[in-house]
DNA sequence: GTGAAAGCGCTAACAA
DNA sequence: TTGTTAGCGCTTTCAC
């Protein structure tokens, strides 16, 4: 039983006393605020180091900033999101801002709202919402309370910044590539979207729409299977596709995690890739590159997306009145061994 | 430009005024504290709902609890950790506690310390540290400041509770299974551990040691390859194993994510599983179960581990003086199609 | 350039 | 049972 009462926390008062200055001075040094002489800064810094002082975020929250940024990721099992997070944290390293993640909100709109509220209530200085499903009015309401960047969702707003990849082009890249290889029957597995108001903004819906448009542009018949952007979704989607009377010669999975499930279903069905059927994914996660999978995939540069979101957020925290920015990144296609011409 | 200034936040004072009671009364109702009549509770609840009041966690942090639990996960790309997180959040749902995640600390001890400090500074009521790499003295120091549960790390402490799976037994289950199938040369891929003080506590080290002991018990020669508990680690480890003058007939990967990389390397090398070589993993993540992978794996019930950690933490938050608990869960082996007798 | 003092929203003694 | 009030640790006017 180490029940020695926890030692009282070092506060700004202790530091001030130790450095023989006022608490105001310490506060100013902490925030690099105007009006501190080099001599005082040195004294205060020394006291801080000596005492091992760390500011109490709760107390800061009451008056100023908490130097905390909240990030909401939709699904920890999708390997694309860690890519975004890496970009975020890389950009935020050494800025003094701390990132905290809200647990994934796969559970729906209500769970998502709870997480964002929790972040706001905890005085976060800014929010990064990755592919949120909340209605746009709700996002704007959030953005009015706290600087917000919405990632991976289309639709402009004057309340928040956005970073997204051009999913229409991404889908077109895949269809063009496959059609160019001679495929005529290309199936697409999408993440099923029921809510009509979201339909126009969610990346999954736009990819599906881009796929349809690109198919028609090639004079081909779209063939969409609706499951989800999960491994299971890919697995079940592919199984469904394999029951088609006329089997497609290529499958465009809406996300790499979906493609993984697709590849599993194909292996199980004894279909060789790409000899028997071609497969392409989206996100170019590290899964696509390594090993025998060697998946053709659309690269939307998750790391760059994350870094851009972080930059925009810091910008906005510094100046809440600047006009909002909408960054749309151009995806590229990384062709690997999972796609080839259709079987003879 | 929606530059309408954000509306002033509703505070406890607003609620009190609206309900025609004191702020104390509101505070008590919020915390289900002793000494509130049903009539007052109703009045206050009504006012809270009507005004849409939500407590300010920063202000709470200054006096009492923040109803926030910080969770540190080591690696978001390892599918086992979401399993633990699911268990945690399931248990914490409707308790009024909010979970926030610290970004993964793959970057080492210093990064990990920064995350835990950040969580403490933000007034978290409790911490759940999953497979932390900090020295034990540091963990105890943390635990003295805030209720802490350490997950997936061995070694008892009187300062924090622990939840871990019996990794020695887990490794033995795999070796016994493979040896029972007739394998004599079983290789193991471990997560390389350099720090000698950690060696005795980290699950990866214990799995490797358990493997060695079990091998010797069967009169077999251990063969350990040191990489990391990542997909790349598995891929590279397997490649290394395949260059052995005498190739093992089975590979025991220290984690499912490692096994995934192993399977990729084997596929690439044209080796069939299990006809050419057997593969077993650890964690029984959902990757193991679905599809053609069908990986034999040790089930350490991640969901249950998470739920147990949450329970212990709530317990400790309620009573910081109770003796610490050490929960050791017994793993089981889930045999699937990736293991069979050695090739003739 | 520096410091005294007010107050952020909440909780917990204590008083009524 | 209910209310008054004193802070928690910090930031921020506003004097000096």
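Protein chains in written order, with this note's numbering: chain Y, 1 to 344; chain R, 1001 to 1344.
Note that the Cβ used here is the ideal one computed from N, Cα and C, for glycine as well.
Predicted model only: the values in this text are computed from it and were never measured.
Asked	Found
Assign residue 66 (chain Y) to one of three DSSP states: helix, strand, or coil.	coil
Please list, in chain order, the chain Y residues whose beta carbon lies closer than 9 angstroms to that of residue 1295 (chain R).	Those within 9 angstroms of residue 1295 (chain R) in chain Y number zero; the least Cβ separation is about 12 angstroms.
Between residue 1179 (chain R) and the rest of its own chain, which residues show a CB-CB distance below 6 angstroms, the 5 nearest in sequence each way excluded?	1218
Keeping to the same chain, check which residues put their C-beta closer than 7 angstroms to that of residue 1239 (chain R); ignore five residues upstream and five downstream.	1265
Between the segment 138–151 of chain Y and chain R, which residues of the former have CB atoms less than 9 angstroms from a CB of the latter, in chain order?	140, 143, 144, 145, 146
Compare the C-beta of residue 235 (chain Y) against all C-beta atoms of chain R and say whether one is closer than 8 angstroms.	yes
Could you give the distance in angstroms between the alpha-carbon of residue 983 (chain R) and the alpha-carbon of residue 1074 (chain R)?	Any answer about residue 983 (chain R) is impossible in this case: the structure gives chain R only from 1001 up to 1344.
By alpha-carbon positions, which one of R:1148, R:1203, R:1009, R:1306 ends up nearest to residue 117 (chain Y)?	R:1009
Could you please tell me which residues of the segment 1038–1057 of chain R, in chain order, have their CB closer than 8 angstroms to any CB of chain Y?	1054, 1055, 1056, 1057
Would you decide whether residue 1094 (chain R) is buried or exposed? Buried here means 16 or more other CB atoms lie within 10 Å of its CB.	exposed
Would you call residue 1027 (chain R) buried or exposed, if buried means 16 or more other Cβ atoms sit within 10 Å of its Cβ?	buried
Using the rule of at least 16 other Cβ atoms within 10 Å of the residue's Cβ for burial, across every protein chain shown, is residue 1216 (chain R) buried or exposed?	exposed
Pick helix, strand or coil for residue 57 (chain Y), following the three-state DSSP scheme.	helix
Name the DSSP bridge partner or partners of residue 1191 (chain R)?	R:1227
With a threshold of 16 other CB atoms inside 10 Å of the CB of residue 1233 (chain R), please say whether the residue is buried or exposed.	buried
Hey, is residue 232 (chain Y)'s beta-carbon within less than 8 angstroms of any beta-carbon in chain R?	yes
Provide the residue span of the beta strand (DSSP E) that contains residue 1130 (chain R), from first to last.	1126–1130
In this structure, does DSSP put residue 171 (chain Y) in helix, strand or coil?	helix
Quick one: residues in its chain with C-beta nearer than 7 angstroms to the C-beta of residue 1132 (chain R), no 5 flanking neighbours on either side, listed in chain order?	1072, 1112, 1139, 1150, 1153
For the segment 154–166 of chain Y and the segment 222–232 of chain Y, state whether three or more C-beta atom pairs, one from each stretch, are separated by less than 8 angstroms.	no
Per DSSP, what kind of secondary structure is residue 1315 (chain R) in: helix, strand or coil?	helix
Would you give the residue range spanned by the beta strand (DSSP E) that residue 141 (chain Y) belongs to?	Taken as a continuous stretch (DSSP letters only), residue 141 (chain Y) belongs to no beta strand (DSSP E), being part of the alpha helix (DSSP H) at 136–145.
Does the beta-carbon of residue 143 (chain Y) have 16 or more other beta-carbons within 10 angstroms, so that it is buried, or is it exposed?	buried
Should the segment 1274–1290 of chain R be regarded as contacting the segment 1299–1314 of chain R, the criterion being three or more beta carbon pairs within less than 8 angstroms?	yes
Measuring CB atoms only, is the segment 331–338 of chain Y touching the segment 1015–1023 of chain R, in the sense that at least three cross pairs come out at less than 8 angstroms?	no
Could you tell me which chain Y residues have their CB closer than 7 angstroms to the CB of residue 1102 (chain R), listed as they occur along the chain?	100
According to the neighbour-count rule (16 or more other Cβ atoms, all chains shown, within 10 Å of its Cβ), is residue 158 (chain Y) buried or exposed?	exposed
Using CA coordinates, which residue listed in R:1338, R:1147, R:1029, R:1067 is at the minimum distance from residue 989 (chain R)?	Limits of chain R in this structure are 1001 at one end and 1344 at the other, which puts residue 989 (chain R) out of reach.
Which residues, taken in chain order from the segment 74–85 of chain Y, show a beta carbon closer than 7 angstroms to some beta carbon of chain R?	76, 77, 79, 82, 85
Ignore the nearest five residues each way along the sequence and tell me which others in residue 1171 (chain R)'s own chain have a CB closer than 7 angstroms to its CB.	1207, 1210, 1211, 1214
Does the beta carbon of residue 281 (chain Y) sit closer than 8 angstroms to a beta carbon anywhere in chain R?	no
Sort out for me which residues DSSP pairs residue 1072 (chain R) with in a bridge.	R:1102, R:1129
Quick check on residue 308 (chain Y): buried or exposed, where buried means 16 or more other Cβ atoms within 10 Å of its Cβ?	buried
Applying the 10 Å Cβ sphere with the 16-neighbour rule, what's the burial state of residue 126 (chain Y)?	buried
Counting only Cβ pairs nearer than 7 angstroms, list the residues of chain Y close to residue 1290 (chain R).	231, 232, 235, 264
Report yes or no: is there a C-beta of chain R within less than 8 angstroms of the C-beta of residue 121 (chain Y)?	yes
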